[in-house]
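Chains as they are written, first to last, in my numbering: chain A, 144 to 401; chain B, 144 to 401.
Protein chains: 2
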Amino acid sequence: MTESITSRDNERVKRVCKLRDCAAARQQEQLFFAEGLRLCTDLAAMLMPQEVYFTQKLLDAHPELEQLGGRHFLVSDGVAAKLSDTKAPQGVFCVFPRSVKTVQDIRAGGRYVCMEHVQDPANVGALLRSAAAFGFTGAVLCADCADPFSPKASRASMGALAKVDLIVEKDTAAALRAFSENGIPSFAAALRNSVPLETVDTAGLHGAAVIIGNEGNGLTDETTAVADRAVRIPMAPGVESLNAAVAGSVLLWHFRGV
Amino acid sequence: MTESITSRDNERVKRVCKLRDCAAARQQEQLFFAEGLRLCTDLAAMLMPQEVYFTQKLLDAHPELEQLGGRHFLVSDGVAAKLSDTKAPQGVFCVFPRSVKTVQDIRAGGRYVCMEHVQDPANVGALLRSAAAFGFTGAVLCADCADPFSPKASRASMGALAKVDLIVEKDTAAALRAFSENGIPSFAAALRNSVPLETVDTAGLHGAAVIIGNEGNGLTDETTAVADRAVRIPMAPGVESLNAAVAGSVLLWHFRGV
């Protein structure tokens, strides 16, 4: 049974826009917003949507949308334009339950990417995508990382936020303690006082935590000091840094098989 | 001698905006636009700026801007807002000469990243940045890649576009021929009919060309067929792809020392 919404002032539409725009609303309702055919169907293969909104035009082109779970709403083009976070909306939007774990869920032998102050949602999303691609167990988001459930981050993650354990822990030190207590060696990405990545032998490692810092400033000294080892990606003279998602992903690639 | 510009309708200001917004203007004038303190000073360490525009406020905070080469213009906040491609302009803008090479400049033993239909300027910029970081000789932009001199690409490259040879060649086949004629083995990034990256032994290689395709569709079949080998980054089941800049950079990392 598909309901119809034609008013941009509909209360349900306003609520979905709030989930799209506001991290606090996402946290309070334990829901998040996703947009686009590929992202919505990828996520719906792993998470049961609570609500699905689509235009008649998109439904005609993709009748399989009827098979998605949750409550369905047919929306006018005007409502679709209001719901959309993009300039050219495809015409499908979902509300999914968000699931976040805690450091108590970190388990021995796991591979984790741990981010501290990674503030660009595109970087958070790309790192989640790389973590999923390289078979990592989970991602731990520390300090003031961008919300992985924002539209920009979920789009960049391409559904990976449902493929790895998402753990939120404001206190980076608590995350590092959890790795240590589970016998997981931690590797801090740091340009100074660090060893070149290719010299780190991964044979014999059982699990690993790769710690990535802020785009501009890197990891805090406290975090680098507490990690088991500090590693760097060697760079040509005169080049000071890589894109944060690129640098983190090269590290994840190195530790993929441990 | 610093000239002053206070009118947003100044002809010079209009011309700079055109260089900012229009690839054809950049090509015709053989110039490009850059914005921001870090990017402008990084580029000015490698390229002589033709023109430098700054606000009094930024000059007061950074008197070293006076040391940059080229003609200098003091601009009002209104002019700075017009020149800026960002929401919060820092207040410095430069016009630099753009330098593009051809496939005739490809040389034996070099390491090249070759892009075909890479259309997101952020990906082009990030790949240039990785290429510079990993000591690559140059980047070859084939087919309809995003213009590396656009503001988005140059920002993402963090000045790397002046650190590697930039070669533009519409015809991917011509680029592959140039690699072949110079004895440079070419490696196409392809998910199918390819070998896992970690099985490619780089010992004994003298130079390499890494060929990266479109974000959504990958390399064309023609290009993959002509390359010497096709390689893939193995991914966990259920994950179909990585961010294009991430995937390309992991490949560049693998071939960094050849």
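Beta carbons are placed, not taken as given, at the ideal position from N, Cα and C, and that holds for glycine.
Contacts with chain A at 8 Å (Cβ-Cβ) do not include B/Gly347. Per the DSSP secondary-structure output, A/Gly281 pairs in a beta bridge with A/Tyr255 and A/Asp308. Here B/Gly361 is bridged, per DSSP, to B/Asn357.
Within its own chain, the residues whose Cβ lies closer than 6 Å to the Cβ of A/Met191, once the five positions on either side in sequence are excluded, are Gly212, listed in chain order. With a cut-off of 8 Å on Cβ pairs, the region 255 to 264 of chain A is in contact with the region 335 to 355 of chain A, counting three or more such pairs. Within chain A, the residues Ala379, Gly381 and Val382 have their CB atoms less than 9 Å from the CB of B/Lys306, given in chain order. Counting only runs of at least 3 residues, the region 318 to 389 of chain B fully encloses the following beta strand (DSSP E) elements, listed from N- to C-terminal order: 329 to 332, 351 to 355 and 372 to 375.
Ranking B/Phe236, B/Thr367, B/Asn386 and B/Pro380 by CA distance to the CA of B/Cys257 puts B/Thr367 first. Taking the C-beta atoms as reference points, B/Gly252 is found nearer than 8 Å to B/His349.
For the pair of segments examined, the region 263 to 278 of chain B was found not to touch the region 152 to 163 of chain B: the number of CB pairs separated by less than 8 Å stays below three. At a cut-off of 8 Å between C-beta atoms, A/Ser147 does not count as an interface residue with respect to chain B. A/Ser293 places its beta carbon less than 8 Å from that of A/Ala166.
At a cut-off of 8 Å between beta-carbon atoms, A/Gly278 makes contact with chain B. B/His215 is bridged by DSSP to B/Thr145 and B/Val195.
Rounded to the nearest whole angstrom, the C-alpha separation of B/His215 and B/Glu194 is 6 Å.
A Cβ-Cβ separation of about 4 Å places A/Lys306 in contact with A/Ala275 under the 8 Å criterion.
Of the residues assessed, A/Gln233 falls on the buried side of the cut-off, its CB having 16 or more other CB atoms within 10 angstroms. Nearest to B/Arg169 by alpha-carbon distance, out of B/Asp290, B/Ala318, B/Ala346 and B/Gly221, is B/Asp290. CA-to-CA, the gap between A/Leu217 and A/Val159 works out to about 14 Å.
Identification of chain B residues near A/Leu385 by a Cβ-Cβ cut-off of 7 Å yields Arg272, Ser273 and Ala276, ordered along the chain. Proximity of chain A to B/Ser329 at the Cβ level (cut-off 8 Å) is not reached, the minimal Cβ distance being about 21 Å. The Cβ of B/Ala388 sits closer than 8 Å to at least one Cβ of chain A. In terms of CA proximity to B/Val343, B/Pro377 leads the group B/Pro377, B/Glu365, B/Ala317 and B/Asp314.
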